[in-house]
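Read in the working numbering, the sequence shown has 394 at position 391, and its numbers run on one by one without any break. No residue lacks a Cβ here, since even glycine has one placed at the ideal position from N, Cα and C.
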Amino acid sequence: MVKRLMFEKPLGMRDTLPFFYKQKSKARRNLSETILSYGYSFMDTPIMEYHDTVGQVSATLDQQLFKLLDQQGHTLVLRPDLTAPIARVAASQLKNSEFPLRLAYDGPVFRAQQAEGGKPAQFEQVGTELIGDHSSYGDAEVIALLVDSLKQTGLDDFVITVGHIGYVKAFFTDLLGDDEETIDELLNYLYRKNYVGYREAVKSLDAQADKKQSLLQLLTLKGGEEIFEYSRSLARNQSCMQAVNELKQLHRLLEQYGVQQYIQFDLNLISHMDYYTGVLFEGYAPHLGAMLCNGGRYDTLLPSFQLNASATGFAIHLERLVEALNDQEDEDERMAVIVDDETHSRGIEEAKKYRREGYAVLLQHVDQIPDIQAFQQELSQTVDLTKKGGNQNE
4 MVKRLMFEKP LGMRDTLPFF YKQKSKARRN LSETILSYGY SFMDTPIMEY
54 HDTVGQVSAT LDQQLFKLLD QQGHTLVLRP DLTAPIARVA ASQLKNSEFP
104 LRLAYDGPVF RAQQAEGGKP AQFEQVGTEL IGDHSSYGDA EVIALLVDSL
154 KQTGLDDFVI TVGHIGYVKA FFTDLLGDDE ETIDELLNYL YRKNYVGYRE
204 AVKSLDAQAD KKQSLLQLLT LKGGEEIFEY SRSLARNQSC MQAVNELKQL
254 HRLLEQYGVQ QYIQFDLNLI SHMDYYTGVL FEGYAPHLGA MLCNGGRYDT
304 LLPSFQLNAS ATGFAIHLER LVEALNDQED EDERMAVIVD DETHSRGIEE
354 AKKYRREGYA VLLQHVDQIP DIQAFQQELS QTVDLTKKGG NQNE
């Protein structure tokens, strides 16, 4: 057995140091306030769920699930996302509530990593679920709320890429028929955004030249509203046409919300979450190097919990949002009251007074400070009742 180093952490696990914790709290607060202002209600679910219910419908690969056994021998999982657990709650405890439901969440999720590649095995998601609204108005509300939430944290340089899984799947089915192996291969290339691999795979197909050309033209369906007409001309069936019409309607509604400058369309967008059935989207920010947020419509997840309802929602990766904000280190807003044996009692009263005024106050005995000048420089203000270091006000 390999002996672990004293300070070693499990694969993919990270510590959250005070400064980053503070920035996360600030971003979380701004997100939550915006989500609440749209009429959503926050809720929480257990960190552990049954593998044969939430674990199997979560759309997370089985090898990425943290599994454990309870004392009764049931296989449990640490929740890999919050959408599936909330679907479970909506289909049980909230099934008699008035729909549509507008629910929100904030909490950690867990996805096991096979190798140290910089990806976290535990991270925090803040998100929403709009349950029971199957219209483009619901899709538009969720995307507009996502944009507004990100802006309220101070992030202004980002883009939300919107696609439609129905278009891609109907397009492939029309061209490739029931060749599921090839379809899955091409979908995987698109999901990984490996467009070179996609082109090579298409060129190697045993298919007619015009079909290969159509498959390659799919990659050009990216941009603004100008792609709608071209995508209609490439549409091979009624399902493709319906998907384009839904995106056109969504674009019109997003213009009414005034968020169109943050939106671009990509009709070969594929998500790792295989329960999406219609509109789906991903968010990116410059220099982040990873997806900031994602979401979409999932109309088959709730029926798996015996609730005939459609839904849409989004999830924001909180740690990545903090990285995207790239806030400079704030000045420490705490102040200190420095005391010795004789002034300790007075120091307690002084600290109480400042706390009532809204300050975060340290009460510190001078004998436990190795370098009083360095200590004072770390804080916004100090009151030295011992007079050994002098008061410092900034």
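### Message
Measuring only the C-alpha atoms, how far is A288 from F161?
### Response
4 Å
### Message
Comparing C-alpha positions only, which one of A124, E52, A94 and L310 sits nearest to R13?
### Response
Correcting the residue type first, residue 13 is Pro in the shown sequence and not Arg. For P13, the nearest C-alpha among the options comes from A124.
### Message
What I want to know is whether the C-beta of Q309 ends up closer than 7 Å to one or more non-hydrogen atoms of the ligand ADP.
### Response
The ligand ADP is not part of the structure shown, which contains no ligands of any sort.
### Task
Pick helix, strand or coil for E127, following the three-state DSSP scheme.
strand
### Message
Taking the beta carbon of Y265 as the centre, do at least 16 other beta carbons fall within 10 Å, making it buried, or is it exposed?
### Response
buried
### Message
Let me make sure I understand the geometry here. Which of S61, A246 and K225 has the alpha-carbon closest to that of L193?
### Response
K225
### Query
What residues in its chain sit with their C-beta under 7 Å from that of L219, if we drop five residues either side in the sequence?
R202 and V205
### Task
With distances taken Cα to Cα, identify the nearest neighbour of V364 among I372, L34 and K355.
K355
### Residue interval of the beta strand (DSSP E) (run including H290)
Per DSSP, H290 belongs to no beta strand (DSSP E) and is neither H nor E.
#### Entry: Residue nearest to E188 in terms of C-alpha spacing, selected from F231, V57, L208 and Q376
L208
### Query
DSSP state of Q379, grouped into three classes?
helix
### Segment contact, 8 Å Cβ cut-off, at least three pairs: the region 80-94 with the region 125-134
yes
### Task
Whole angstroms is fine: what's the gap from M165's alpha carbon to L257's?
For clarity, residue 165 is Val in the given sequence; the question names Met instead. Whole-angstrom Cα-Cα distance: 11 Å.
### Query
Is N240 buried or exposed, if buried means 16 or more other CB atoms sit within 10 Å of its CB?
exposed
#### Entry: Pick from S28, S383, Q67 and D47 that is closest to H54, judged by C-alpha positions
Q67
### Query
Looking at the unbroken alpha helix (DSSP H) that takes in R255, where does it start and where does it end?
Q241 to Y260
### Task
Please go through the region 11-36 and give each complete alpha helix (DSSP H) segment of 4 or more residues, from N-terminal end onward.
none
### Task
Using the DSSP secondary-structure output, state which residues sit across from S44 in a beta bridge.
L106
### Task
Measure the alpha-carbon distance for Y279 versus M46 and round it to whole angstroms.
22 Å
### Task
Express the C-alpha separation of K70 and E11 in angstroms, rounding to a whole number.
21 Å
### Message
Would L2 and L158 be called neighbours here (beta carbons separated by less than 8 Å)?
### Response
Since the displayed the chain opens at 4 and closes at 397, residue 2 lies outside it and no answer follows.
### Message
Quick check on the burial criterion: 16 or more other C-beta atoms within 10 angstroms. Buried or exposed for G76?
### Response
exposed
### Message
Do E101 and A80 count as a contact pair if the criterion is CB distance below 8 Å?
### Response
The question names Ala, but residue 80 is Val in the sequence shown. No, Cβ-Cβ distance for V80 and E101 is not below 8 Å.
### Query
Are the beta-carbon atoms of G135 and A293 separated by less than 8 Å?
no
### Beta-bridge pairing of L8 - partner residues as DSSP gives them
L8 pairs with nothing; no bridge assigned.
#### Entry: Buried/exposed call for P21, threshold 16 Cβ in 10 Å
exposed
### Message
If I follow the unbroken beta strand (DSSP E) through G166, where does it start and stop?
### Response
V162 to H167
### Message
Quick check: the region 268-278 against the region 165-182, are at least 3 beta-carbon pairs closer than 8 Å?
### Response
yes
#### Entry: Span of the alpha helix (DSSP H), counted from its first residue to its last, around K214
A212 to Q220
### Neighbourhood of L283 by C-beta distance below 6 Å, restricted to the same chain and skipping five residues each side
G166, I168, S274 and G299
### Query
Do you know how far the Cα of Q252 is from the Cα of S139?
7 Å
#### Entry: Residues near D151 in its chain [Cβ-Cβ closer than 6 Å; skip 5 each side]
T37
### Query
Buried or exposed: where does L178 fall if 16 or more other Cβ atoms within 10 Å of its Cβ makes it buried?
buried
### Query
In three-state DSSP terms, what is H54?
helix
### Task
Sort N329, F308, V171 and T315 by Cα distance to L291 and report the nearest one.
N329
### Task
Return the bridge partner residues of H368 from the DSSP annotation.
V342
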